[in-house]
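In my numbering, the protein residues as written are 153 to 249.
Heads up, the beta-carbon is just placed ideally off N, CA and C, and yes, glycines get one too.
Since we're looking at a predicted model, the values are computed, not measured.
Below is one structure, written out as structure tokens; comments come after it.
This is the structure in structure tokens:
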């Protein structure tokens, strides 16, 4: 789902480059929560305070771990036959271990 941006968040790449320290200061001190960088009238990047970026990374990692946990749990429930030992798999493929 595409993000929705407020008009005051949209800034041209040229303007961001010319006033980069201003945008960083505004992100750090709080008047802005993000800066959406436009290049040729298309969203090219989003500048965020480091705390918000780290929170997004952590949330993404938690979601990934939950997804993996769900896959493991569903496989445990559906697995009806016992697994094979590595030696059995190697022998079946003509590999001596």
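Residue(s) in a DSSP beta bridge with residue 189: Residue pairing by DSSP puts residue 189 in a beta bridge opposite 163, 197.
Host alpha helix (DSSP H) of residue 156 (start-end): Premise fails: residue 156 is in no alpha helix (DSSP H) and is neither H nor E.
query: What three-state label does DSSP hand residue 184 in the structure shown?
result: Three-state DSSP puts residue 184 in coil, outside helix and strand.
message: For residue 248, which residues in the same chain have their Cβ closer than 8 Å to its Cβ, ignoring the five residues on either side in sequence?
response: Contacts found: 242.
message: Can you give me the C-alpha to C-alpha distance between residue 166 and residue 160, rounded to a whole angstrom?
response: Distance between the alpha carbons of residue 166 and residue 160: 16 Å.
message: For the alpha helix (DSSP H) containing residue 246, name the first residue and the last one.
response: Annotation: residue 246 is outside any alpha helix (DSSP H) and is labelled neither H nor E by DSSP.
- prompt: Got a sec, what are the start and stop residues for the alpha helix (DSSP H) residue 171 sits in?
  reply: Bounds of any alpha helix (DSSP H) do not take in residue 171, whose DSSP letter is neither H nor E.
task: Return the residue from the list 177, 196, 222 that minimises the CA-CA distance to residue 157.
output: If we check each option's Cα against that of residue 157, 196 comes out closest.
- prompt: Just how far apart, CA to CA, sit residue 181 and residue 201?
  reply: If you take the alpha carbons of residue 181 and residue 201, they lie about 9 Å apart.
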